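Sequence lines, in order, name chains A and B. The letter at position 44 of the first sequence is residue 44 when you use the working numbering, and the numbering goes up by one with no holes. In the working numbering, each residue carries its 1-based index in the second sequence increased by 1000. Before any comments, here is the structure.
2 protein chains.
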Amino acid sequence: MTNVFPPALSELIIALQCLPGVGPKSAQRSAFQLLERDRGGAQRLSQALAQAVSLLGHCPRCRMFSETGNICQICADPRRDATALVIVENPADIVAIENATDYRGMYFVLMGHLSPLDGIGPGQLGAQQLESRLDEAIKEVIIATGATIEGEATAHWVGEMARRHHGVHVTRIAHGVPVGGDLDYVDGTTLARAFSGRREIF
Amino acid sequence: MTNVFPPALSELIIALQCLPGVGPKSAQRSAFQLLERDRGGAQRLSQALAQAVSLLGHCPRCRMFSETGNICQICADPRRDATALVIVENPADIVAIENATDYRGMYFVLMGHLSPLDGIGPGQLGAQQLESRLDEAIKEVIIATGATIEGEATAHWVGEMARRHHGVHVTRIAHGVPVGGDLDYVDGTTLARAFSGRREIF
């Protein structure tokens, strides 16, 4: 391919491809857009990236992103209930739970799910840190990993560890028909789980 | 929305939204991905952005991106035919033409197309620079703007200017059935243009 771009532009187009879902075409489009219409945004992004890389690490208690060496906002909050621990796969799940529920306990972020083929086992998911958390005054572990095969396998591993080795009460968030969902539009697996997980109401 | 992220992470998520097609959700996903799996890529992107913003401007002859103050690689190349000028909408179009054809003349990049509703008129498309280019020893202007309504309007404006005011020979790239295209899968407008633009072959 003939390269008619100046080196700084070619380098930018290659560098943009580190973003998930961005290939050569959309990287090119993004580069043109930034240079042509939003140089302020490009400058701000450059600084935000440099700052995030140098400042951010993981909270030593819950593995959430936090400024390196510091525990995160949630772990540091004394008003939170330190006896409940929600296990999630990603930091984004914490945001979802905080916004949708009135849960105000602690979290532990696995940063992924068990996936032996990708080389992700308990060690990569912070098993040691989690075990030492479970040794604290935790009364209930609420497992909120995804409703996927990997999420279920991960839930099983965490649940067994918490129950067997630490004697903690373990719960799993409910799976079933989404609120607002018509029964005949729900897939069979979900409906079967909703059925087998039915609760007495009277 | 409860903000449970450290400030550097929130700032990165906001800054990523300057990229075209990136909203809050995908910005969050990109930020996590970079911090979790590709800090080297993030650092490189940060530097590439800073460098591109500080180094890149437009070629004073053809409006292509080039290092500020310098004319671009193509305009500076003495082996190129300085009597032919292709008019394109975007820098990416130059790459496409260079790769697909054996054209080795000059280019002029409009950096957009006429779009009065968005406030883009001849002034924004470099009319003055284009006029001074046409005063040089140009023998043929090849208009390669898009086959859209705006592209056609732009082609009309450029063509008229070149022909009437500068007496230059003006051509337009052909529109018709794409190579490999089955006739009954081609849309009606394209087929009509292919039909009216038919050429004698014997």
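Each residue gets a CB set at the ideal place from its N, CA and C atoms; glycine is no exception. Fair warning: this is a prediction, and the values are worked out from it, not measured in the lab.
Closest by C-alpha distance to residue i, when choosing among the options
{"i": "Pro-1006 (chain B)", "options": "A:His-165, A:Gly-197, A:Cys-75 and A:Ala-153", "result": "A:Cys-75"}
{"i": "Pro-1116 (chain B)", "options": "B:Ala-1153, B:Leu-1055 and B:Thr-1148", "result": "B:Ala-1153"}
{"i": "Gly-159 (chain A)", "options": "A:Tyr-185, A:Ala-174, A:Gly-146 and A:Val-141", "result": "A:Val-141"}
{"i": "Glu-136 (chain A)", "options": "A:Leu-183, A:Gly-167 and A:Ile-201", "result": "A:Gly-167"}
{"i": "Glu-150 (chain A)", "options": "A:Arg-104, A:Asp-182 and A:Leu-125", "result": "A:Leu-125"}
{"i": "His-1175 (chain B)", "options": "B:Gly-1021, B:Ile-1013, B:Leu-1183 and B:Ala-1147", "result": "B:Ala-1147"}
{"i": "Ala-84 (chain A)", "options": "A:Ala-42, A:Gln-128 and A:Ile-143", "result": "A:Ile-143"}
{"i": "Phe-204 (chain A)", "options": "A:Thr-101, A:Gly-180, A:Gly-119 and A:Ala-127", "result": "Outside the shown range of chain A, which is 1 to 202, sits residue 204 (chain A), and nothing can be said about it."}
{"i": "Phe-1195 (chain B)", "options": "B:Ile-1201, B:Phe-1202, B:Val-1177 and B:Asp-1182", "result": "B:Val-1177"}
{"i": "Arg-1079 (chain B)", "options": "B:Ile-1094, B:Leu-1056, B:Ser-1132 and B:Tyr-1103", "result": "B:Tyr-1103"}
{"i": "Arg-163 (chain A)", "options": "A:Met-111, A:Leu-183, A:Ile-138 and A:Gln-28", "result": "A:Ile-138"}
{"i": "Arg-39 (chain A)", "options": "B:Thr-1189, B:Gly-1023, B:Leu-1056 and B:Met-1161", "result": "B:Leu-1056"}
{"i": "Asn-3 (chain A)", "options": "B:Ala-1096, B:Ile-1201, B:Leu-1183 and B:Ala-1050", "result": "B:Ala-1096"}
{"i": "Thr-101 (chain A)", "options": "A:Gly-112, A:Val-86 and A:Leu-110", "result": "A:Val-86"}
{"i": "Gln-43 (chain A)", "options": "B:Gln-1043, B:Leu-1183 and B:Ser-1054", "result": "B:Ser-1054"}
{"i": "Ile-1094 (chain B)", "options": "B:Asp-1187, B:Ala-1192, B:Thr-1145 and B:Glu-1200", "result": "B:Thr-1145"}
{"i": "Glu-98 (chain A)", "options": "A:Leu-110, A:Ile-120, A:Asp-118 and A:Gln-73", "result": "A:Gln-73"}
{"i": "Ser-26 (chain A)", "options": "B:Gly-1181, B:Ser-1026 and B:Gly-1021", "result": "B:Gly-1021"}
Endpoints, alpha helix (DSSP H) assigned at residue i
{"i": "Ala-238 (chain A)", "result": "In the structure as shown, chain A starts at 1 and stops at 202, and residue 238 (chain A) therefore has no counterpart that could be examined."}
{"i": "Glu-1089 (chain B)", "result": "Element bounds for Glu-1089 (chain B): n/a, residue is neither H nor E."}
{"i": "Phe-1032 (chain B)", "result": "1024–1037"}
{"i": "Ser-1066 (chain B)", "result": "First-last for Ser-1066 (chain B): 1065–1067, but that is the beta strand (DSSP E), not the alpha helix (DSSP H)."}
{"i": "Gln-73 (chain A)", "result": "73–76"}
{"i": "Ile-14 (chain A)", "result": "7–16"}
{"i": "Thr-1154 (chain B)", "result": "1149–1160"}
Whole-Å CB distance - residue i paired with residue j, under 8 Å assumed
{"i": "Glu-276 (chain A)", "j": "Ala-1048 (chain B)", "result": "Limits of chain A in this structure are 1 at one end and 202 at the other, which puts residue 276 (chain A) out of reach."}
{"i": "Leu-114 (chain A)", "j": "Trp-157 (chain A)", "result": "6 Å"}
{"i": "Leu-45 (chain A)", "j": "Ala-1052 (chain B)", "result": "That pair is no contact at about 11 Å."}
{"i": "Ala-82 (chain A)", "j": "Met-106 (chain A)", "result": "6 Å"}
{"i": "Ala-133 (chain A)", "j": "Ala-155 (chain A)", "result": "Reading off the sequence, residue 133 (chain A) comes out as Arg, not Ala. At roughly 16 Å, the Cβ-Cβ gap does not stay under 8 Å, so Arg-133 (chain A) and Ala-155 (chain A) are not in contact."}
N-terminal and C-terminal residue of the beta strand (DSSP E) that residue i is part of
{"i": "Phe-1195 (chain B)", "result": "Element bounds for Phe-1195 (chain B): not the beta strand (DSSP E) but the alpha helix (DSSP H), 1188–1196."}
{"i": "Glu-200 (chain A)", "result": "Run containing Glu-200 (chain A): none; DSSP gives neither H nor E here."}
{"i": "Phe-1108 (chain B)", "result": "1105–1109"}
{"i": "His-58 (chain A)", "result": "56–58"}
{"i": "His-1169 (chain B)", "result": "1169–1172"}
{"i": "Ile-1143 (chain B)", "result": "1140–1143"}
### Query
Using 8 Å as the Cβ pair cut-off and three pairs as the minimum, do the region 20–34 of chain A and the region 1080–1092 of chain B touch?
As far as the Cβ criterion goes, the region 20–34 of chain A touches the region 1080–1092 of chain B, which means the pair count is three or higher.
### Touching by the beta-carbon criterion (3+ pairs, under 8 Å), the region 1017–1025 of chain B and the region 56–64 of chain A
no
### Task
With 7 Å as the limit, tell me which residues of the region 48–66 of chain A have their beta carbon closer than that to any beta carbon of chain B; keep them in chain order.
Ala-48, Leu-49, Ala-50, Gln-51, Ala-52, Val-53, Leu-55, Leu-56, Phe-65 and Ser-66
### Query
For the region 78–103 of chain A, which residues have a beta carbon sitting closer than 7 Å to at least one beta carbon of chain B?
Asn-90, Pro-91, Ala-92, Ile-94, Val-95, Glu-98 and Asn-99
### Message
Please identify, using Cβ separations under 7 Å, the residues of the region 1007–1023 of chain B that lie next to chain A, in order along the chain.
### Response
Ala-1008, Leu-1009, Glu-1011, Leu-1012, Ala-1015, Leu-1016, Cys-1018, Leu-1019 and Pro-1020
### Message
So if I threshold CB-CB distances at 8 Å, which residues from the region 1143–1158 of chain B count as touching chain A?
### Response
none
### Message
Using a Cβ-Cβ cutoff of 7 Å, what residues of the region 1115–1134 of chain B are near chain A? List them in chain order.
### Response
none
### Task
Compile a chain-ordered list of the residues in the region 32–44 of chain A whose CB is closer than 9 Å to at least one CB of chain B.
Phe-32, Gln-33, Leu-34, Leu-35, Glu-36, Asp-38, Arg-39, Gly-40, Gly-41, Ala-42, Gln-43 and Arg-44
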